[in-house]
Amino acid sequence: MHHIVCILFDRKDPDSRRRAYELIKVLIAEAANRGWGEYRAHLALMDQIAETYNFNGNAQMKLNEKLKNALDPKGILCPGKNGIWPANYKKEE
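Here our numbering is used: the first residue of the sequence shown is 21, the next is one more, and so on.
This is the structure we're talking about:
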């Protein structure tokens with residue numbers, strides 16, 4: 021079963037944008053609490069979604085980061101995509 025969520029908001033209204041962003045963050049957390057995963061998301065949400073796949077001591081993320089650092093040591097290709105940051109980056113940047 022798949023659910024597609026389309027949140028309608030006024031892009032010109034800062035408060036509407038903020039509320040839509042907060043809503044999707046809550047929906048991601050609630051879905052993770054129920055054991056559901058996200059298939060695709062906006063780049064701004066990828067870190068949060070990657071953090072929801074934290075079972076087995078974050079084994080999947082550790083593997084992804086090792087592969088990323090081995091294949092792209094300078095972090096040139098898509099840094100942060102799918103929550104996978106190269107070793108020479110800080111998540112906050």
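Positions of the beta carbon are idealized from the N, C-alpha and C atoms, including for glycine.
In this text, all values refer to a predicted model and were calculated from it rather than measured experimentally.
Under the three-state DSSP convention, the category residue i falls into
i     : result
Ala31 : Checking the sequence shown, residue 31 turns out to be Arg, not Ala. Arg31: coil per DSSP, three-state reduction.
Asn74 : coil
Ile69 : helix
Val46 : helix
Same chain, Cβ closer than 8 Å to residue i, five either side skipped, listed in chain order
i      : result
Gly100 : Leu63, Met66, Asp67, Tyr109 and Lys111
C-beta contact flag for residue i and residue j at 8 Å
i      : j     : result
Arg106 : Asn78 : First, the amino acid is wrong: residue 106 is Pro here, not Arg. No, the pair does not count as a contact, with Cβ atoms beyond the cut-off.
Ile104 : Asn76 : no
Residues of its chain near residue i, where Cβ-Cβ distance is below 7 Å and the 5 sequence neighbours each way are ignored
i     : result
Asp92 : Pro106
### Query
Should the region 70 to 83 be regarded as contacting the region 47 to 58, the criterion being three or more beta carbon pairs within less than 8 Å?
Yes: at least three Cβ pairs fall under 8 Å.
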